[in-house]
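First residue of the sequence shown: 195, per this note's numbering; consecutive thereafter.
Below is one structure; the comments refer to it alone.
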Amino acid sequence: MSFAHRGEQWADRVTANRAVAYRIHEDTARGRWYVTASWTIPPVQTVPLEAARARGLVGVDTNADHLAAWRLDTHGNPVGEPLRFGYDLTGTAAHRDAQVRHALIRLLHWAKRHGLAIAVEDLDFTAETTREKHGRRKRFRNLISGMPISRLRARLVSMAAELGIPVVAVDPAYTSKWGAQHWHKHLTTKDRKTTRHDAAAVAIGRRALGHPIRRRTAPPPHDRSDRAGHRTVQAGSVAPGREGNRPRIPGPRTRSVRAGHRANAVDQNAQHRSGRSAEHGSWKQDSLPLRL
Numbered sequence: 195m196s197f198a199h200r201g202e203q204w205a206d207r208v209t210a211n212r213a214v215a216y217r218i219h220e221d222t223a224r225g226r227w228y229v230t231a232s233w234t235i236p237p238v239q240t241v242p243l244e245a246a247r248a249r250g251l252v253g254v255d256t257n258a259d260h261l262a263a264w265r266l267d268t269h270g271n272p273v274g275e276p277l278r279f280g281y282d283l284t285g286t287a288a289h290r291d292a293q294v295r296h297a298l299i300r301l302l303h304w305a306k307r308h309g310l311a312i313a314v315e316d317l318d319f320t321a322e323t324t325r326e327k328h329g330r331r332k333r334f335r336n337l338i339s340g341m342p343i344s345r346l347r348a349r350l351v352s353m354a355a356e357l358g359i360p361v362v363a364v365d366p367a368y369t370s371k372w373g374a375q376h377w378h379k380h381l382t383t384k385d386r387k388t389t390r391h392d393a394a395a396v397a398i399g400r401r402a403l404g405h406p407i408r409r410r411t412a413p414p415p416h417d418r419s420d421r422a423g424h425r426t427v428q429a430g431s432v433a434p435g436r437e438g439n440r441p442r443i444p445g446p447r448t449r450s451v452r453a454g455h456r457a458n459a460v461d462q463n464a465q466h467r468s469g470r471s472a473e474h475g476s477w478k479q480d481s482l483p484l485r486l
């Protein structure tokens with residue numbers, strides 16, 4: 195059975211095991227039977243951002259054949275193992291629609307069990323930030339034609355609203371690049387093989403939580419003088435989006451002093467009790483008389 199009007203919403207509710215009322219009536223003039231489905235849409239409650247990420251959230255990276263998800267705590271640290279919800283976008287439109295719906299409902303049920311919100315990218319295929327992640331030209335066009343991202347995003351929001359799960363949309367800039375650069379290697383162990391999509395899910399979740407994506411490097415070890423090294427640094431000088439110069443502090447500026455002439459140098463003539471500086475004056479030993 196299928197419905198021409200709002201058929202996708204009906205399928206989403208049936209898949210999510212939500213209540214649907216049916217009315218069957220007969221048209222005696224035409225000799226046909228009709229089935230009408232109806233349901234009540236609950237009012238969408240707007241949740242503040244701080245409340246949505248109070249217990250952590252689930253970072254989700256959208257790809258052409260699967261959804262990569264990883265659970266993060268409030269500090270932005272990955273918890274547990276990453277999950278992948280696959281779907282096949284080949285075949286008929288009904289097959290693709292069912293695949294996307296099945297992957298989304300599994301993701302939402304997993305987030306519902308943990309009581310967490312979902313963080314996704316606010317993808318816009320007209321922006322250059324999306325081209326950074328998915329490539330250009332032929333690969334980019336094939337991805338757009340194969341992945342109905344607008345329909346997937348709208349369906350995710352509607353299905354999450356039915357289950358009462360908040361959805362946080364973040365800027366997709368550099369999530370894939372920085373995730374692979376700063377998190378892929380550190381999350382890969384001998385028993386766990388992670389992908390760059392899993393690392394991108396961590397980057398998306400950290401951005402939704404308000405934490406930086408790039409990891410800080412370790413400080414230099416102690417030297418032979420038993421002195422600690424410099425503080426940790428976060429990004430190199432050529433990294434895009436790095437911190438700029440320090441703002442100028444208002445107020446009078448101290449004068450520059452030439453090398454070898456410190457501003458707080460003490461006048462040796464004023465400190466020498468004999469009135470002659472031992473540092474600036476020349477010293478000469480007096481001859482001593484010799485007596486036989």
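Backbone N, C-alpha and C define an ideal beta-carbon position, used for all residues, glycine too.
**Counterpart residues of TYR216 in DSSP-defined beta bridges** = The sequence position of residue 216 within the sequence shown is 22, counting from 1. Beta-bridge pairing links TYR216 to ALA231.
**Message:** Contact defined as beta carbons within less than 8 angstroms: I believe ALA305 pairs with ILE359. What is the distance between those atoms, to the nearest angstrom?
**Reply:** Translated into the one-based positions of the sequence shown, residue 305 becomes position 111. Translated into the one-based positions of the sequence shown, residue 359 becomes position 165. Yes, they are in contact, since the Cβ atoms of ALA305 and ILE359 sit about 6 angstroms apart, within 8 angstroms.
**Asked** When burial is assigned at 16 or more other CB atoms within 10 Å of the CB, is ALA262 buried or exposed?
**Response** Taking the sequence shown and counting its residues from 1, one reaches residue 262 at position 68. Buried: at least 16 other Cβ atoms inside 10 Å.
**ASN463 versus HIS376 - alpha carbon distance** = Numbered from its first residue, the sequence shown carries residue 463 at position 269. Numbered from its first residue, the sequence shown carries residue 376 at position 182. Interpretation of ASN463 is limited by its pLDDT of 49, a score under 50 that renders its predicted location unreliable; the figure taken from the coordinates is listed afterwards. Roughly 59 angstroms separates the two Cα atoms.
**Request:** Identify whether ASN347 lies in helix, strand or coil by the three-state DSSP scheme.
**Result:** Here residue 347 is taken as the residue at index 153 of the sequence shown, counted from 1. Reading off the sequence, residue 347 comes out as Arg, not Asn. Looking at ARG347 - three-state DSSP - the assignment turns out to be helix.
**Item:** Candidates ALA292, GLY253, ASP291: closest to GLU315 by CA position
**Value:** Working through the sequence shown from its first residue, we reach residue 315 at position 121. Answer by Cα proximity: GLY253.
**Request:** Classify TYR511 as buried or exposed, calling it buried when 16 or more other Cβ atoms lie within 10 Å of its own Cβ.
**Result:** Lying outside 195 to 486, the shown extent of the chain, residue 511 is not represented and no answer is given.
**Message:** Determine whether the beta carbon atoms of VAL362 and ALA313 lie at a separation below 8 angstroms.
**Reply:** The sequence position of residue 362 within the sequence shown is 168, counting from 1. The sequence position of residue 313 within the sequence shown is 119, counting from 1. Yes.
**Asked** Just to confirm, are TYR228 and ASP259 a CB contact at a threshold of 8 angstroms?
**Response** The residue labelled residue 228 in the question sits at position 34 within the sequence shown. The residue labelled residue 259 in the question sits at position 65 within the sequence shown. No, these two residues do not count as a Cβ contact at 8 angstroms.
**Request:** Using beta-carbon positions only, say whether LEU403 and THR256 come within less than 8 angstroms of one another.
**Result:** Here residue 403 refers to the residue found at position 209 of the sequence shown. Here residue 256 refers to the residue found at position 62 of the sequence shown. Result no, Cβ atoms of LEU403 and THR256 do not sit closer than 8 angstroms.
**Request:** Would you tell me roughly how many angstroms separate the C-alpha atoms of ALA355 and TRP264, rounded to the nearest one?
**Result:** Stepping through the sequence shown from its first residue, residue 355 is reached at position 161. Stepping through the sequence shown from its first residue, residue 264 is reached at position 70. Roughly 21 angstroms between the two C-alpha positions.
**Item:** Rounded separation between ARG278 and ARG390 - CA only
**Value:** Translated into positions along the sequence shown, residue 278 becomes position 84. Translated into positions along the sequence shown, residue 390 becomes position 196. Between the C-alpha atoms of ARG278 and ARG390 there is a straight-line separation of about 12 angstroms.
**Asked** Helix, strand or coil: how does DSSP classify LEU310 here?
**Response** Working through the sequence shown from its first residue, we reach residue 310 at position 116. Coil at LEU310, not helix or strand.
**Prompt:** How long is the line joining the alpha carbons of ARG200 and ASP365, rounded to whole angstroms?
**Reply:** Sequence index remark: in the sequence shown, residue 200 carries index 6 (1-based). Sequence index remark: in the sequence shown, residue 365 carries index 171 (1-based). Roughly 30 angstroms between the two C-alpha positions.
**THR284 versus THR222: straight-line alpha-carbon distance, rounded** = The residue you call residue 284 lines up with position 90 of the sequence shown. The residue you call residue 222 lines up with position 28 of the sequence shown. If you draw a straight line from the Cα of THR284 to the Cα of THR222, it is about 42 angstroms long.
**Asked** Just the Cα atoms here: how many angstroms apart are GLY493 and ALA297?
**Response** With the chain covering only 195 through 486, there is no way to say anything about residue 493.
**Reduced DSSP secondary structure (H/G/I, E/B, other) of ARG224** = As a first step, residue 224 must be located in the sequence shown, where it is residue number 30. Correct three-state label for ARG224: coil.
**Asked** So, are the CB atoms of ARG300 and ASP206 less than 8 angstroms apart?
**Response** Here residue 300 refers to the residue found at position 106 when the sequence shown is read from its first residue. Here residue 206 refers to the residue found at position 12 when the sequence shown is read from its first residue. It is not a contact, given that the beta carbons lie outside the stated cut-off.
**Asked** Around the Cβ of ARG401, are there at least 16 other Cβ atoms within 10 angstroms (buried) or fewer (exposed)?
**Response** Sequence index remark: in the sequence shown, residue 401 carries index 207 (1-based). Taking all protein chains in view, the Cβ of ARG401 is crowded by 16 or more other Cβ atoms within 10 Å, so the residue is classified as buried.
**Item:** Local conformation of TRP264 per DSSP, three classes
**Value:** Stepping through the sequence shown from its first residue, residue 264 is reached at position 70. Three-state DSSP puts TRP264 in a strand.
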